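Undergrad:
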Amino acid sequence: MFFRRRGYVKCLAALAALSFMAWLYFEASQLKLAHLKTLLRRQNGLMFNTSRPSRGGDMEYLSGRLREILSRDNGAPKIVFNRSCTNNSDACVKNCSRPLHWNPDVRLREIIESPNLTLSRHQLDTILSMADAIPESDVIFLSASSSNHYDEMQAMFHRLHTVVWPLVKDFTVVFFDIGLTPEQRMMTEKHCRCRVITFPKEMFPVHVADMYCYSWKPLIARAVIEKARKLLVYMDASIRWSARIPELLNRTMEVGLQLFRPSYMARIPLHTVNETFQYFRDSPCAYDAFPEMPGGLFIYRKDLFNIRAILEPWARCALEAACMCPVKPMSYIWCHDPPVDHRCHRFDQSAIGIITAKLFGSDIYRVLPPDMDSFVSIQRGHQMPHYFNATESIT
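My numbering puts the first residue of the sequence shown at 109, with every later residue one more than the last.
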């Protein structure tokens with residue numbers, strides 16, 4: 109009996125040992141699977157946990173992604189601004205005591221690890237709450253308007269309805285109301301084929317409520333990309349897409365982002381006040397060789413690099429009056445001759461110009477589409493004041 113009991117105990121011990129070994133094997137396999145999934149997500153640049161605040165983590169991936177962009181041949185010719193600075197508005201070169209660092213990793217760290225450009229958990233949660241009512245979609249086209257651009261905005265929707273809708277699949281249009289009249293809001297909701305959201309200015313610092321600070325734009329961009337499975341496309345009311353829009357979207361999926369810079373853009377310090385450079389802890393002369401980057405037109409793939417290195421620093425700048433809106437907007441919104449530094453301020457455009465110039469340096473041409481005008485046009489002042497009314501009469 110004793111031996112039978114002892115044999116029974118040995119059998120139970122053996123079974124327990126086998127169960128423990130099986131559990132260890134299962135846990136190890138799960139860890140390997142999780143690690144493999146993480147590597148695959150990083151390789152594709154599609155990290156699911158994009159809503160964490162930037163804390164300087166994932167630096168290895170971000171650095172590798174930046175170097176990939178800087179070495180990629182996108183078919184566009186390199187644009188070099190190497191003329192000496194004279195009394196005009198063109199990008200130029202001159203002696204600067206504090207130029208941008210030659211090493212892109214250092215420049216990346218200056219953005220990612222700056223407390224001035226890092227969103228707190230509370231700030232990020234507040235921003236992301238604006239997208240709670242937005243459904244997920246592969247591609248999200250995003251825009252916003254107040255009453256003074258209502259007629260331009262109708263022309264933008266006309267182009268979306270007649271050009272984009274027949275060519276692009278699985279996309280959503282999101283429109284933020286930043287000051288429409290009740291009647292304009294009603295007509296927009298009825299005819300835009302989009303999701304209309306009121307911009308909640310009361311949730312943010314007081315300067316954000318001033319629409320001419322343009323702080324709303326980086327904030328809605330960071331919020332809405334959270335609901336895009338693949339791409340975020342932002343467009344001001346003046347943007348008109350061509351029939352090559354599918355090609356442009358495919359190009360963005362390959363490159364990671366597409367920025368747009370018309371040839372007439374002035375150098376960044378000309379239209380950016382010194383206070384904004386001070387917030388970034390940079391010298392204005394470091395940016396003389398870089399033309400402005402428009403803030404009203406961009407396409408970003410939803411990936412860790414675009415969110416952590418561009419959209420979140422831009423959003424944090426938007427929350428700080430000292431960064432994006434350090435002056436009274438109506439005193440600096442108009443640019444007057446002569447072309448001297450800091451003659452006016454471009455708010456969201458000034459900030460995104462500094463961020464992208466610092467990240468990409470003279471290789472910024474690699475994220476610009478060649479032959480921009482064949483993809484999109486900027487038509488300020490182009491209006492269709494009766495488009496929604498005409499649509500209503502048809503329906």
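For every residue, glycine included, the Cβ atom is placed at its ideal position computed from N, Cα and C. Fair warning: this is a prediction, and the values are worked out from it, not measured in the lab.
Taking the alpha-carbon positions, what's the L225 to W349 distance?
TA: Roughly 32 angstroms separates the two Cα atoms.
Undergrad: Assuming P377 contacts P392 under a Cβ cut-off of 8 angstroms, what Cβ separation, rounded to an integer in Å, is found between them?
TA: Between P392 and P377 the Cβ distance is about 4 angstroms, and since that is below 8 angstroms, they are a contact.
Undergrad: Measuring only the C-alpha atoms, how far is R485 from I347?
TA: In the sequence under discussion, the amino acid at residue 485 is Ser, which differs from the Arg named in the question. Taking the straight line from one Cα to the other gives about 6 angstroms.
Undergrad: Are L419 and A331 close, meaning C-beta to C-beta below 7 angstroms?
TA: Not in contact: L419 and A331 (Cβ atoms no closer than 7 angstroms).
Undergrad: Nearest to F388 by CA position, among L340, H299, C431, is which residue?
TA: Of the listed residues, the one whose Cα sits closest to F388 is C431.
Undergrad: Answer yes if the segment 262-276 comes into contact with the segment 322-330, meaning at least three C-beta pairs across the two stretches below 8 angstroms, and no otherwise.
TA: In short, these stretches do not touch, since the Cβ pair count stays below three.
Undergrad: Determine the DSSP secondary structure at A142, reduced to helix, strand or coil.
TA: Model confidence at A142 stands at a pLDDT of 40, short of 50, so the residue's coordinates are unreliable; what they give is reported in the following sentence. Here A142 sits in helix by DSSP.
Undergrad: As an exercise, report each continuous alpha helix (DSSP H) stretch of at least 4 residues that is fully enclosed by the segment 298-361, in chain order.
TA: DSSP runs (the alpha helix (DSSP H)) wholly in the segment 298-361: 324-332.
Undergrad: Which same chain residues end up closer than 8 angstroms to R488 when comparing Cβ atoms and leaving out the 5 residues on each side of it in sequence?
TA: Cβ neighbours of R488 beyond the five flanking positions: E260, S346.
Undergrad: Measure the beta-carbon distance from K466 to R215 and round it to whole angstroms, keeping in mind my assumption that it falls under 8 angstroms.
TA: About 5 angstroms separates the two Cβ atoms, so the contact holds.
Undergrad: Rounded to whole angstroms, what's the CA-CA distance from D411 to G364? Just pull it up for me.
TA: Whole-angstrom Cα-Cα distance: 8 angstroms.
Undergrad: Determine contact between the segment 240-248 and the segment 185-195, defined as no fewer than three beta-carbon pairs at a distance below 8 angstroms.
TA: The segment 240-248, when compared against the segment 185-195, does not touch it at the 8 angstroms Cβ threshold.
Undergrad: Going along the chain, which unbroken runs of the beta strand (DSSP E) with 3 or more residues stay wholly within the segment 229-286?
TA: Counting whole runs of 3 or more residues, the segment 229-286 contains the beta strand (DSSP E) stretches 245-253, 279-285.
Undergrad: Kindly list the residues whose CB is nearer than 8 angstroms to the CB of D318, restricted to its own chain and excluding five residues on each side of it in sequence; keep chain order.
TA: Within the same chain, D318 has close Cβ partners C433, P437.
Undergrad: Any idea if R337 is buried or exposed, counting beta-carbon neighbours within 10 angstroms, 16 or more meaning buried?
TA: Label assigned to R337: exposed.
Undergrad: Can you round the beta-carbon distance between V341 and I248 to whole angstroms, since I take them to be within the 8 angstroms contact cut?
TA: Indeed, because the Cβ distance is near 7 angstroms, the residues count as touching under 8 angstroms.
Undergrad: Can you tell me the Cβ-Cβ gap for A252 and F283, rounded? I've got them flagged as a contact below 8 angstroms.
TA: About 7 angstroms; that satisfies the 8 angstroms criterion.
Undergrad: Quick one: what's L367 bridged to in DSSP?
TA: Beta-bridge pairing links L367 to F406.
Undergrad: Return helix, strand or coil for S485, following the three-state DSSP convention.
TA: Of the three classes helix, strand and coil, the one that applies to S485 here is strand, per DSSP.
Undergrad: For P399, which of helix, strand or coil comes out of DSSP?
TA: P399: strand per DSSP, three-state reduction.
Undergrad: With DSSP collapsed to three states, give me the class of V201.
TA: It is a strand residue.
Undergrad: When burial is assigned at 16 or more other CB atoms within 10 Å of the CB, is S458 buried or exposed?
TA: With 16 or more Cβ atoms within 10 Å of its Cβ, S458 is classed as buried.
Undergrad: Where I220 and T499 are concerned, what is the direct C-alpha to C-alpha distance, given to the nearest angstrom?
TA: Approximately 47 angstroms, taken between the alpha carbons.
Undergrad: Alpha carbon to alpha carbon, how far is L170 from Q491?
TA: Approximately 41 angstroms, taken between the alpha carbons.
Undergrad: Would you call the CB atoms of L367 and F406 closer than 7 angstroms?
TA: Cβ distance < 7 angstroms, so L367 and F406 count as in contact.
Undergrad: Any idea if N497 is buried or exposed, counting beta-carbon neighbours within 10 angstroms, 16 or more meaning buried?
TA: When all chains shown are included, N497 counts as exposed.
Undergrad: Are R173 and F468 closer than 7 angstroms when you measure CB to CB?
TA: No, Cβ-Cβ distance for R173 and F468 is not below 7 angstroms.
Undergrad: With C-beta atoms as the reference, is S255 less than 7 angstroms away from T289?
TA: For S255 and T289, yes; Cβs fall inside 7 angstroms.
Undergrad: When DSSP labels each residue in this structure, what does R217 get in the three-state scheme?
TA: Looking at R217 - three-state DSSP - the assignment turns out to be helix.
Undergrad: So for R451, helix, strand or coil by DSSP?
TA: In the structure shown, R451 sits in coil (DSSP, three-state: anything other than H, G, I, E or B).
Undergrad: Assuming R474 and L178 make a contact with CB atoms under 8 angstroms, what is their CB distance in whole Å?
TA: Their Cβ separation, rounded to whole angstroms, is 7 angstroms, which keeps R474 and L178 in contact under 8 angstroms.
Undergrad: Beta-carbon separation of F398 and A199 under 7 angstroms?
TA: Yes, they are a contact pair.
Undergrad: Exposed or buried, what is G164 when buried is set at 16 or more other beta-carbons lying within 10 Å of its beta-carbon?
TA: Annotation note: pLDDT 46 at G164 (below 50); position unreliable, coordinate value reported separately. Flag for G164 reads exposed.
Undergrad: Do I353 and V281 count as a contact pair if the criterion is CB distance below 7 angstroms?
TA: Contact: no.
Undergrad: For E400, which residues in the same chain have their Cβ closer than 7 angstroms to its Cβ, ignoring the five residues on either side in sequence?
TA: M373, A374, I376, H379, R454, Q457, G461.
Undergrad: In terms of DSSP beta bridges, what is S192 paired with?
TA: Beta-bridge pairing links S192 to V201.
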